[in-house]
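Take a look at the structure below.
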Amino acid sequence: MLTRTRTADDDAEGIERFRDAEAAKRWLLFELGELGLPVQSWRQREGGLAFELLSSERGAVTTGHADGVVTLDVAESDDAHREALRERLGEPYRTVLGHFRHEIAHYYWPLLVPDGPGRERFRALFGDEREDYGAALERHYESGAPFDWSERFVSAYATMHPWEDWAETFAHYLHIWDTLQTAGAFGVNVRGAEDPAPDGGDVRELLDDWLPLTYALNALSRSMGRDDLYPFVLPAPVVEKLAFVHERVTAASRRD
2 MLTRTRTADD DAEGIERFRD AEAAKRWLLF ELGELGLPVQ SWRQREGGLA
52 FELLSSERGA VTTGHADGVV TLDVAESDDA HREALRERLG EPYRTVLGHF
102 RHEIAHYYWP LLVPDGPGRE RFRALFGDER EDYGAALERH YESGAPFDWS
152 ERFVSAYATM HPWEDWAETF AHYLHIWDTL QTAGAFGVNV RGAEDPAPDG
202 GDVRELLDDW LPLTYALNAL SRSMGRDDLY PFVLPAPVVE KLAFVHERVT
252 AASRRD
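Read left to right, the sequence shown gives residues 2 to 257 (this note's numbering).
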């Protein structure tokens, strides 16, 4: 039981939104299991994983992660609310599942990138996580992302602090892995490979399958008069970061 606290029973609208959030959480957990990543509950150890799925209708809720606890405002399950925030914050992509993937990255960071050579490689790619987080947060919301952020980061928010760069990159890796796995399960084969599902090889092998699939998905979305389903570009520095995430995830899976 990983959901430690949820919306109150007498909050009818909140309970409906909670159901959607809980479904997204379970989707996330299924993917983590498929990847072989360790999941230890807050009942099993101090700092273990817990989810707080709360309604901001009953009080202030800040979506985020702290000491193993992932908190989500279930209002994110409301399409109008989420779209309004997406537009206001200038985000090309915002979903409940995306929130969970981002926050779970913070949970995994100390597990997948412990002190040692891996931490030094992390700093070479993402920056020094010892930078003051509060100051970085204030600077980001005062000045925004650098004008050339898209040349080095997967999102504008990733520019805020190395921890957020890791979280955005890790979440993007989960987007890629899960979508490719689903495509493989349904026999969707854009590139012509025998099986487009990920197999634990080099991350560039994943991207060789991923990019042609995204071109097709975007074209299909445009055919329906919709925006691109995948509104991202992956420059070389982002591919290096994805490769690091892939390496860390694969190593953890093999250990377990």
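Backbone N, C-alpha and C define an ideal beta-carbon position, used for all residues, glycine too. Note that this is a predicted model, so its numbers are computed, not measured.
So who's on the other strand from residue i, going by DSSP bridges?
| i | result |
| --- | --- |
| Glu1 | Missing from the structure shown is residue 1; the chain here goes from 2 to 257 and no further. |
| Gly65 | Thr72 |
| Ser42 | Leu50 |
Given this structure, state the Cα-to-Cα distance separating residue i from residue j, to the nearest angstrom.
| i | j | result |
| --- | --- | --- |
| Phe148 | Trp167 | 20 angstroms |
| Glu165 | Asp129 | 12 angstroms |
| Leu3 | Val71 | 10 angstroms |
| Val62 | Val97 | 15 angstroms |
| Gln41 | Phe19 | 22 angstroms |
| Asp203 | Pro111 | 23 angstroms |
| Asp68 | Thr160 | 23 angstroms |
| Tyr109 | Leu126 | 17 angstroms |
| Val1 | Tyr94 | Because the chain here runs from 2 to 257, residue 1 falls outside it and cannot be looked at. |
| Gly119 | Gly49 | 22 angstroms |
| Phe233 | Glu104 | 20 angstroms |
| Glu14 | Leu30 | 25 angstroms |
| Glu143 | Arg122 | 30 angstroms |
| Arg249 | Pro115 | 10 angstroms |
| Ala220 | Asp179 | 20 angstroms |
| Phe171 | Ser254 | 15 angstroms |
| Leu36 | Ile177 | 12 angstroms |
| Thr251 | Ile16 | 37 angstroms |
| Thr8 | Gly117 | 41 angstroms |
| Asp12 | Ala51 | 22 angstroms |
Counting only the same chain and skipping the five closest in sequence on each side, list residues whose C-beta sits under 6 angstroms from that of residue i.
| i | result |
| --- | --- |
| Thr6 | Glu53 |
| His107 | His66, Ala168 |
| Ala157 | Ala146, Trp150 |
| Tyr174 | Leu243, Val246 |
| Leu55 | Val62 |
| Tyr134 | His162 |
Leaving out five residues on either side along the sequence, give the residues of the same chain with a beta carbon under 7 angstroms from the beta carbon of residue i.
| i | result |
| --- | --- |
| His100 | Thr64, Leu73, Glu77 |
For residue i, collect the residues of the same chain with a Cβ closer than 8 angstroms to its Cβ; drop the 5 residues on either side in sequence, then sort them by chain order.
| i | result |
| --- | --- |
| Ser222 | Asp228, Asp229, Leu230 |
| Glu58 | Asp12, Glu14, Gly15, Ala76 |
Inset, instruction - Any chance you could list the alpha helix (DSSP H) runs of at least 4 consecutive residues sitting entirely within the segment 159-239, in chain order? - result: If only complete runs of 4 or more residues are kept, the segment 159-239 shows the alpha helix (DSSP H) at 163-186, 204-224, in order along the chain.
Legend entry - Three or more C-beta pairs below 8 angstroms linking the segment 19-26 and the segment 61-78: Per the Cβ contact rule, the segment 19-26 is in contact with the segment 61-78 (3 or more Cβ pairs under 8 angstroms).
Inset, instruction - Flag this pair as touching only if the segment 222-242 and the segment 152-159 have three or more C-beta atom pairs under 8 angstroms; answer yes or no. - result: Contact between the segment 222-242 and the segment 152-159 is present: three or more C-beta pairs spanning the two stretches fall below 8 angstroms.
Legend entry - Length-filtered (4 minimum) alpha helix (DSSP H) runs lying within the segment 100-130: Whole alpha helix (DSSP H) segments, 4+ residues: 118-127.
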